[in-house]
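Protein chains in written order, with our numbering: chain A, 4 to 420; chain B, 803 to 1258.
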């Protein structure tokens, strides 16, 4: 396939994403994580049908990195709010800690498994374990929203799980800054690991403040796009040039704006609808770029990481049931209800894959794909069971149209009039 | 364009903008001087971000001294480009050409959509005379000027009279090329309304078509003079096919776009992206001129449907970002060392071009009995040259590789001077003609004259 044909295909996917995210009547169409597009990309890629050859896909790598970093910005701008409701600080911290708990658990399991069963070096093992932990820590808010909207869930537990899911993205975003700072080749060799990680966040925070200042008191949407695009693209480019995590930089930028800008709600309305149009092409390109042969330890990695994730999710469920009265009835199942990962994890995996090309990056992309698929199969089902047990879903009562309790319907930003 | 005309900003706003400009400059400067480039795949992304922000901020900061926004965008590119602070490399600037493709498609679409039949009819007489006289006088006089200056031009010193004659004809053709992008950029920024604005836009867009036709004719006429070969109408035949194909394709595209806007109307920005990136490449592949096709499409949407305003609004939305980067990258492209080495000749040619343009404008205004505003300032929009003229120069340089490099260098230097001076002159003219309103807050939907507004 030629580059132009691929570009047209990606634009068509983006168009489809716009329709899916803007049309309320078909918003529930498709899987919450967009895993089917990942699979489509894999089938079209050089591993199966060969429609998208490796060199053509490689030319679109910058698109992948920019798309992934943009998802970081979207996550940052929307952080701390579920629909119109603000997530309490305590709950946000709990969400981050619980996500980190699962991630650290997976990382530890991978590290020890590879110590026993592989000859990779200590540093590689550390990077691999860290990356595996990062892509196994998030809970996608889309899965929670999907279940809540489909089944009309309402109650303390559904609210709490939506809050935890929303907060959980901070764990992989921050850990990614540390992972990149620990990479062997460095753009800032004079700085320590901690300072490099802080620089990743610092660039984002500074650009977030610049964007907030420039947006000023009066919000003009047309001009705001220029400022938002300019600052985020500059942040991505500078971070990538220095070997830092562009996704973390844009996440920090979005978070800064969401905290200090008086136009937080307007910004969210602007950027949230762009998520789906970005996710679909990124998912297809990611799927097409998967190189199973370049990832020799994928079977071991997937087996250990996903197994560990299941175990630590159960442990998370137990912790939740201990800490929250509303979660007691479901017990360990609470954790399995939060196993679904989504576009953000794929974006993280893509970022890792681009920064660490070769076996490490390739393995992590495959692991993330596996994690998304497993989460897709298990997460919504388990979440439904959990919420039913908690009395947040009354069996047999599916509601249409979906309530706007979790995320407001995006505006029609693409309307030409 | 950024910065819709509105109430002037206070000192605090300007300080904030200057601070923000300093921060982004320091950030990219620090990154580019850190010594290590771990991943340069996103260097073009950083450059786009810088051009977008720095261009917007510089244009706002230059506003109080009366300079147009385009100058700010160009200045951001010049300062950040490889010849001054070297915040990004030559290769990065070359990679930005994708943005240019999109920008040119948008400019052509908007240009076509701005040409309402009613408006064109009102200025038909003025524009027709101006087109004829600017082209005829421009070609004749600029050929003579080039011939006269040829002893000072390094690559023409060795040429005998006939090749020199052919070359001067080609230079003259290049000299009558204008800049639709600069014209539209200034009009979008100033929200200018009135006879001069309407005349300028109609002239520049029509002149675009004339130059598209003129270039192959000039190439055909110059080829036997320069190379000594036989006279061949192959190029003319080719251009005839190209023009018919472009108009046909543009008409079809215009009807499809009008139908889309009427029946769907949503997510049009993605459609514009597809047109700019994908369709442009396809049209080039089948030897159809994308500029003429998009111009025709815009014209069809505006005049054969009721969707013209929607199209203009969508282009303006996307253009507010794309045009800043387009002019910024044009600034980054400016070869300052080259300009420094051949500036006397380039300047002489530019001054001659301005003089010819002003003279021809006076003659055509007298013949067409134009309104005093057009008589006095009608030439001002015709000075700018940018991407379109560069494309013409490139085509000529490719056709005659024996002096291609020298011709290209001189053309780039001259276009650079016109690119810098042209927008300033045009904005000055609009201000003096009283057609700009700095306090108008609402976006200018189109150049359609208000009902009852007399021409001129």
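Backbone N, C-alpha and C define an ideal beta-carbon position, used for all residues, glycine too.
The ligand NAP heavy atom lying under 7 Å from the CB of residue i
{"i": "residue 1122/B", "result": "Of ligands this structure carries none, so the ligand NAP is not represented either."}
CB contact check: residue i to chain B, cutoff 8 Å
{"i": "residue 239/A", "result": "yes"}
{"i": "residue 138/A", "result": "no"}
{"i": "residue 73/A", "result": "no"}
{"i": "residue 233/A", "result": "yes"}
{"i": "residue 243/A", "result": "yes"}
{"i": "residue 209/A", "result": "yes"}
{"i": "residue 355/A", "result": "no"}
{"i": "residue 264/A", "result": "no"}
{"i": "residue 326/A", "result": "no"}
{"i": "residue 171/A", "result": "no"}
{"i": "residue 3/A", "result": "Residue 3/A lies beyond the stretch modelled for chain A, which goes from 4 to 420, so this question has no answer here."}
{"i": "residue 368/A", "result": "no"}
{"i": "residue 292/A", "result": "no"}
{"i": "residue 29/A", "result": "Because residue 29/A sits at a pLDDT of 47, beneath the cut-off of 50, its placement in the model cannot be relied upon, and the following sentence gives the value as read from the coordinates. Chain B contact via Cβ: absent."}
{"i": "residue 342/A", "result": "no"}
{"i": "residue 17/A", "result": "yes"}
Burial state of residue i, where buried means 16 or more other Cβ atoms lie within 10 Å
{"i": "residue 279/A", "result": "buried"}
{"i": "residue 1095/B", "result": "buried"}
{"i": "residue 325/A", "result": "exposed"}
{"i": "residue 1039/B", "result": "exposed"}
{"i": "residue 106/A", "result": "buried"}
{"i": "residue 1031/B", "result": "exposed"}
{"i": "residue 975/B", "result": "buried"}
{"i": "residue 1089/B", "result": "exposed"}
{"i": "residue 1118/B", "result": "buried"}
{"i": "residue 125/A", "result": "exposed"}
{"i": "residue 814/B", "result": "exposed"}
{"i": "residue 213/A", "result": "buried"}
{"i": "residue 1034/B", "result": "exposed"}
{"i": "residue 120/A", "result": "exposed"}
{"i": "residue 28/A", "result": "Here residue 28/A scores only 48 on pLDDT, less than 50, and its place in the model is too uncertain to base an answer on."}
{"i": "residue 2/A", "result": "Beyond the ends of chain A as shown, which are 4 and 420, falls residue 2/A; an answer cannot be given."}
{"i": "residue 1087/B", "result": "exposed"}
{"i": "residue 58/A", "result": "exposed"}
{"i": "residue 791/B", "result": "Only positions 803 to 1258 of chain B appear in this structure, which leaves residue 791/B out of reach."}
{"i": "residue 979/B", "result": "buried"}
{"i": "residue 1171/B", "result": "exposed"}
Per DSSP, the bridge partner or partners of residue i
{"i": "residue 89/A", "result": "84/A"}
Supposed contact pair residue j and residue i - C-beta distance, whole angstroms, cut 8 Å
{"i": "residue 909/B", "j": "residue 845/B", "result": "Incorrect: roughly 26 Å between the Cβ atoms, too far for contact."}
{"i": "residue 1197/B", "j": "residue 992/B", "result": "With a Cβ gap of about 32 Å, residue 1197/B and residue 992/B do not count as contacting."}
{"i": "residue 209/A", "j": "residue 830/B", "result": "About 12 Å separates the two Cβ atoms, so there is no contact after all."}
{"i": "residue 967/B", "j": "residue 1027/B", "result": "5 Å"}
{"i": "residue 144/A", "j": "residue 165/A", "result": "7 Å"}
{"i": "residue 335/A", "j": "residue 320/A", "result": "4 Å"}
{"i": "residue 1055/B", "j": "residue 1008/B", "result": "Wrong, their Cβ atoms sit about 20 Å apart, outside the cutoff."}
{"i": "residue 169/A", "j": "residue 247/A", "result": "Contact doesn't hold; Cβ gap of about 25 Å is too wide."}
{"i": "residue 1186/B", "j": "residue 1225/B", "result": "6 Å"}
{"i": "residue 382/A", "j": "residue 72/A", "result": "Residue 382/A to residue 72/A, Cβ: 25 Å. No contact."}
{"i": "residue 3/A", "j": "residue 50/A", "result": "Here chain A covers residues 4 to 420 and nothing more, so residue 3/A does not appear."}
Interface flag, residue i vs chain A, CB-CB below 8 Å
{"i": "residue 817/B", "result": "no"}
{"i": "residue 1098/B", "result": "no"}
{"i": "residue 852/B", "result": "yes"}
{"i": "residue 845/B", "result": "yes"}
{"i": "residue 858/B", "result": "yes"}
{"i": "residue 889/B", "result": "no"}
{"i": "residue 1103/B", "result": "no"}
Within chain D, the residues that residue i reaches when beta carbons sit closer than 9 Å
{"i": "residue 992/B", "result": "Among the protein chains in the structure shown, which are A and B, there is no chain D."}
Q: Report the residues of the segment 247-261 of chain A with a CB closer than 8 Å to any CB of chain B, ordered along the chain.
A: Residues of the segment 247-261 of chain A that bring their beta carbon within less than 8 Å of a beta carbon in chain B comprise 249, in sequence order.
Q: Please name the residues in the segment 1120-1154 of chain B whose beta-carbon is closer than 8 Å to at least one beta-carbon of chain A, in chain order.
A: So the list reads 1122, 1123, 1126, given in the order they occur along the chain.
(Q) Give me the subset of the segment 1048-1067 of chain B whose CB atoms are less than 7 Å from a CB atom of chain A, sorted by chain position. (A) So the close ones are 1063, 1067.
Q) Name the residues in the segment 40-70 of chain A whose C-beta lies less than 8 Å from a C-beta of chain B; which are they? A) 64, 65, 68, 69
Q: Using a Cβ-Cβ cut-off of less than 9 Å, list which residues of the segment 149-165 of chain A approach chain B; keep chain order.
A: none
Q. When Cβ atoms are compared, which residues of the segment 1193-1226 of chain B fall closer than 9 Å to chain A?
A. none
Q. Just by C-beta distance, which residues in the segment 75-99 of chain A are closer than 7 Å to chain B?
A. none
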